[in-house]
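Protein chains in written order, with the numbering used here: chain A, 89 to 238; chain B, 89 to 238; chain C, 89 to 238; chain D, 89 to 238. All C-beta atoms, glycine included, are put in the ideal place defined by N, C-alpha and C. Everything below concerns the one structure shown next.
Number of protein chains: 4
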Amino acid sequence: MADNDWPDLAGHLSDGVHRLPVRIYYEDTDFSGAVYHASYVRILERGRTDFLRVVGIGHRELAAAGLNFALHRLDVTFHRPAAIDDVVIVETTPGEVTAARALVGQRILHGETVLVEAAVTVVLVSPDGRARRFPPAIRDTLLARRKPVG
Amino acid sequence: MADNDWPDLAGHLSDGVHRLPVRIYYEDTDFSGAVYHASYVRILERGRTDFLRVVGIGHRELAAAGLNFALHRLDVTFHRPAAIDDVVIVETTPGEVTAARALVGQRILHGETVLVEAAVTVVLVSPDGRARRFPPAIRDTLLARRKPVG
Amino acid sequence: MADNDWPDLAGHLSDGVHRLPVRIYYEDTDFSGAVYHASYVRILERGRTDFLRVVGIGHRELAAAGLNFALHRLDVTFHRPAAIDDVVIVETTPGEVTAARALVGQRILHGETVLVEAAVTVVLVSPDGRARRFPPAIRDTLLARRKPVG
Amino acid sequence: MADNDWPDLAGHLSDGVHRLPVRIYYEDTDFSGAVYHASYVRILERGRTDFLRVVGIGHRELAAAGLNFALHRLDVTFHRPAAIDDVVIVETTPGEVTAARALVGQRILHGETVLVEAAVTVVLVSPDGRARRFPPAIRDTLLARRKPVG
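Encoded structure:
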């Protein structure tokens with residue numbers, strides 16, 4: 089079954105914001121009854137990955153070139169919890185790009201309610217864990233999608 | 089944004105088999121380069137959950153009645169690995185249902201290739217962890233969807 | 089087998105800093121070959137939990153009183169990666185405590201190398217997800233262990 | 089801080105059975121209040137890994153030789169749940185070893201109570217995911233520790 093049989097799977101990009109729907113499953117919750125905080129961190133990464141996918145940057149191709157995206161900094165504020173069975177929306181908004189760092193703004197929403205906000209600094213690393221300059225094609229792609237992080 | 093804006097999110101049921109597309113993200117892989125075996129176990133659970141969702145059984149409603157689905161037995165065979173960025177399909181096929189146990193057959197496929205096969209025995213438990221008989225409505229719903237596990 | 093057969097399991101508190109050793113397993117890594125960033129977030133939580141355990145605050149007792157610790161904010165900087173089989177040390181240093189928020193400073197080290205630094209704001213929430221004032225006993229316990237976050 | 093400052097961290101091997109203590113944290117639980125079933129699968133892997141560590145087989149050395157342990161089959165029965173803050177013991181007992189497969193028996197206990205039982209078939213795979221014969225040194229090490237799986 090081809091990827092394009094499930095057109096929504098990588099979310100949508102419009103007005104400079106990528107939106108990905110994510111279902112909350114058992115695995116995402118903890119015994120408090122709500123979503124475990126590190127699950128939001130995983131969910132945010134799905135949003136960034138699918139934003140990259142939609143603009144044509146794939147993890148597998150980068151890895152073949154000896155590069156992997158890694159986080160330099162992650163600043164997350166948790167406003168309201170999500171619950172089992174919820175469908176939340178991950179919003180990913182690319183921000184400034186320097187030679188070796190890209191800023192990304194993210195939110196997780198349930199309906200109109202903002203559950204989580206995050207400011208993320210992304211780098212590219214080689215297999216020894218060292219940060220590398222962005223290849224021009226990747227930098228240009230990110231810059232073309234840039235939107236000031238609010 | 090309403091759930092029905094993303095119609096594919098809970099997969100599709102046809103010919104007695106529920107099919108759910110699942111994207112492989114960073115979180116699902118391990119340092120071997122392929123998908124971590126426990127990630128397939130999480131992914132199988134998403135398939136069972138969305139099968140239940142599609143036939144009208146929700147975890148939240150059950151929990152409100154003091155019941156949770158739990159696994160009694162999980163027998164998984166791993167044939168071939170999935171990789172980052174893959175879209176795999178989780179097939180869930182309900183099998184026999186007794187007073188307190190439901191058998192479920194599952195497979196994870198990439199294209200035509202079967203990656204993982206599983207036979208799962210599901211029970212309902214009360215908050216003290218004890219197995220309970222299935223409420224008639226749930227048993228009838230499962231029986232109506234039953235298909236012999238191949 | 090009693091808990092006190094494994095005396096190191098909850099780590100040690102000395103000079104105001106709690107130290108917990110954590111082994112890096114397959115489950116913590118991703119296909120880049122290093123530790124997945126959200127795994128550090130899980131590992132940081134183990135350090136905070138065992139700090140609380142060592143000073144006499146248990147999640148189970150809190151939950152029985154209808155309270156759960158939750159994160160309000162998590163600001164993590166990732167300096168260097170950990171690898172499979174590493175034993176890392178999670179350092180947890182309690183900081184300021186207000187009526188309803190506690191600041192915690194954390195680091196993850198491998199040998200003398202700081203891999204990860206985090207500033208965490210912790211709250212107590214009731215089952216509806218609302219932040220609650222700290223019960224006096226918990227606030228006093230945290231204040232007694234307070235150390236300025238560097 | 090050296091590994092040997094935390095002597096219990098890899099568990100103990102005696103009478104042919106490896107025992108590893110594992111703490112249940114928030115991350116291991118789900119909204120049912122008990123441990124999420126896939127968390128037991130992760131916990132079982134920690135036991136197998138530390139059994140291998142104690143008998144001198146390290147994942148990092150294998151990976152340098154282009155080999156990774158992978159599961160061929162995992163058959164788990166869930167008897168009773170574990171809860172937050174519990175210390176459970178993972179028992180790992182090596183069984184038969186053929187040219188390319190090793191059987192392992194495992195249990196998770198809380199005190200004297202058996203929570204989970206598992207029969208696991210382990211293989212070694214090359215980076216393309218194909219099963220390989222065990223190198224003689226590894227096969228001999230496993231055979232020397234073999235105990236009939238009960």
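By the DSSP assignment, the beta strand (DSSP E) with residue 162(A) in it spans what residues? Along the first sequence, read from residue 1 onward, the residue named residue 162(A) stands at position 74. Per DSSP, residue 162(A) belongs to the beta strand (DSSP E) from 156-166.
Cβ-based neighbour list, residue 99(B), same chain, cut-off 6 Å, excluding 5 preceding and 5 following: Position 11 of the second sequence holds residue 99(B). Correct list, in chain order: 106, 107, 108 and 138.
Roughly how many angstroms separate the alpha carbons of residue 229(C) and residue 114(D), rounded to a whole number? What you label residue 229(C) is simply residue 141 of the third sequence in a count that begins at 1. What you label residue 114(D) is simply residue 26 of the fourth sequence in a count that begins at 1. For residue 229(C) and residue 114(D), the distance between alpha carbons rounds to 21 Å.
Determine which residues of the segment 101-130 of chain A have a Cβ less than 7 Å from any Cβ of chain B, and write them out in chain order. 109, 111, 113, 114, 115 and 130
DSSP on residue 102(B), reduced to helix/strand/coil? Translated into the one-based positions of the second sequence, residue 102(B) becomes position 14. Here residue 102(B) sits in strand by DSSP.
I think residue 189(B) touches residue 209(B), with their Cβ atoms under 8 Å apart; what is that distance to the nearest whole Å? For the purposes of this step, residue 189(B) is taken as the residue at position 101 of the second sequence. For the purposes of this step, residue 209(B) is taken as the residue at position 121 of the second sequence. 6 Å between Cβ atoms; contact.
Using DSSP with H/G/I as helix, E/B as strand and the rest coil, what is residue 175(A)? Reading the first sequence from its first residue, position 87 is the one you call residue 175(A). It is a strand residue.
What residue range is occupied by the uninterrupted beta strand (DSSP E) comprising residue 195(D)? Position 107 of the fourth sequence holds residue 195(D). First-last of the beta strand (DSSP E) with residue 195(D): 190-198.
Residue 206(B) by DSSP, collapsed to three states: which one? By one-based count along the second sequence, residue 206(B) stands at place 118. In the structure shown, residue 206(B) sits in a strand (DSSP, three-state: E or B).
Starting from the beta carbon of residue 146(A), find every residue of chain B whose beta carbon is closer than 7 Å, and list them in chain order. Taking the first residue of the first sequence as position 1, residue 146(A) is located at position 58. Neighbours of residue 146(A) on chain B, chain order: 173.
Could you pull the start and end residues of the alpha helix (DSSP H) that residue 112(D) belongs to? Working through the fourth sequence from its first residue, we reach residue 112(D) at position 24. Element bounds for residue 112(D): n/a, residue is neither H nor E.
Counting only Cβ pairs nearer than 7 Å, list the residues of chain C close to residue 99(A). Start at 1 with the first residue of the first sequence, and residue 99(A) comes out as number 11. Correct list: empty, because the minimum Cβ distance to chain C is about 19 Å.
Return no unless some Cβ of chain D is closer than 8 Å to the Cβ of residue 133(C). Within the third sequence, residue 133(C) is the residue found at index 45, counting from 1. Chain D, which has a Cβ nearer than 8 Å to the Cβ of residue 133(C), makes this yes.
Put residue 135(D) into one of helix, strand or coil per three-state DSSP. Locating residue 135(D) in the fourth sequence gives position 47, counting from the first residue. Reduced to three states, the DSSP call for residue 135(D) is helix.
Out of 151(C), 133(C) and 117(C), state which residue places its alpha-carbon closest to the alpha-carbon of residue 207(C). Locating residue 207(C) in the third sequence gives position 119, where the first residue counts as 1. The shortest C-alpha separation from residue 207(C) is found at 133(C).
In angstroms, rounded to a whole number, what distance separates the CA positions of residue 149(B) and residue 128(B)? Your numbering for residue 149(B) matches position 61 in the second sequence. Your numbering for residue 128(B) matches position 40 in the second sequence. Near 26 Å, if we compare the C-alpha coordinates of residue 128(B) and residue 149(B).
At a Cβ threshold of 8 Å, is residue 165(A) touching chain C? What you label residue 165(A) is simply residue 77 of the first sequence in a count that begins at 1. It does; some Cβ of chain C falls within 8 Å.
Have a look at the DSSP bridge pairing and note the partners of residue 212(B). Working through the second sequence from its first residue, we reach residue 212(B) at position 124. Its beta-bridge partners are 157(B) and 220(B).
To the nearest whole angstrom, what separates the beta carbons of residue 192(A) and residue 156(A), a pair I think is in contact under 8 Å? Translated into positions along the first sequence, residue 192(A) becomes position 104. Translated into positions along the first sequence, residue 156(A) becomes position 68. About 16 Å separates the two Cβ atoms, so there is no contact after all.
Which residues, taken in chain order from the segment 193-227 of chain B, show a beta carbon closer than 7 Å to some beta carbon of chain D? 215 and 217
Evaluate residue 170(B) with the Cβ neighbour count: other Cβ atoms within 10 Å of its Cβ, from every protein chain shown; 16 or more gives buried, anything less gives exposed. Here residue 170(B) refers to the residue found at position 82 of the second sequence. Residue 170(B) sits buried, since 16 or more C-beta atoms from the chains shown fall within 10 Å of its C-beta.
Residue 142(A) by DSSP, collapsed to three states: which one? For the purposes of this step, residue 142(A) is identified with residue 54 of the first sequence, where counting begins at 1. Here residue 142(A) sits in helix by DSSP.
Using C-beta distances below 8 Å, list every residue in its chain close to residue 159(C), excluding the 5 sequence neighbours before and after it, in chain order. Along the third sequence, read from residue 1 onward, the residue named residue 159(C) stands at position 71. 208, 209, 210 and 211.
Can you name the residues of chain D whose CB is closer than 7 Å to the CB of residue 180(C)? Counting from one through the third sequence, the residue named residue 180(C) turns up at place 92. The contacting residues do not exist; residue 180(C) stays about 14 Å from chain D at best.
Going along chain B in order, which residues have a C-beta closer than 9 Å to the C-beta of residue 158(D)? To locate residue 158(D), count along the fourth sequence from 1; it is residue 70. In chain order: 120, 122, 125, 166 and 169.
With 16 other CB atoms within 10 Å as the buried threshold, where does residue 202(A) fall? In the first sequence, residue 202(A) corresponds to position 114, counting from 1. Exposed is the call here.
Rounding to the nearest angstrom, what Cα-Cα distance links residue 204(B) and residue 121(B) in this structure? In the second sequence, counting from the first residue as 1, residue 204(B) sits at position 116. In the second sequence, counting from the first residue as 1, residue 121(B) sits at position 33. Taking the straight line joining both Cα atoms gives about 17 Å.
Residue 174(A) beta carbon less than 8 Å from that of residue 131(A): Here residue 131(A) refers to the residue found at position 43 when the first sequence is read from its first residue. Here residue 174(A) refers to the residue found at position 86 when the first sequence is read from its first residue. Cβ distance not < 8 Å, so residue 131(A) and residue 174(A) don't count as in contact.
What is the DSSP secondary structure of residue 186(A), reduced to helix, strand or coil? The residue you call residue 186(A) lines up with position 98 of the first sequence. Annotated three-state conformation of residue 186(A) is coil, per DSSP.
Check whether the Cβ atoms of residue 248(B) and residue 179(B) sit closer than 8 Å, and answer yes or no. The structure shown does not extend to residue 248(B), since chain B spans only 89 to 238, so no value can be given for it.
Tell me whether residue 194(D), by its Cβ, gets closer than 7 Å to a heavy atom of the ligand ATP. For the ligand ATP, the structure offers nothing, since it holds no ligand at all.
Residues in its own chain within less than 8 Å of residue 185(D) by CB, not counting five upstream and five downstream? Taking the fourth sequence and counting its residues from 1, one reaches residue 185(D) at position 97. The residues are 191, 222, 227, 230, 231 and 234.
Residue range of the alpha helix (DSSP H) that residue 170(D) falls in? Taking the first residue of the fourth sequence as 1, we reach residue 170(D) at position 82. Residue 170(D) -> no alpha helix (DSSP H), and no H or E assigned at all.
Per the DSSP calculation, residue 249(B) is bridged to which residue(s)? The structure shown does not extend to residue 249(B), since chain B is modelled only from 89 to 238, so the question has no answer here.
Closest Cα partner of residue 197(A) within the set 161(A), 110(A), 101(A) and 124(A): Position 109 of the first sequence, counted from the start, is the residue given in the question as residue 197(A). If you compare the alpha carbons of 161(A), 110(A), 101(A) and 124(A) with that of residue 197(A), the shortest gap goes to 110(A).
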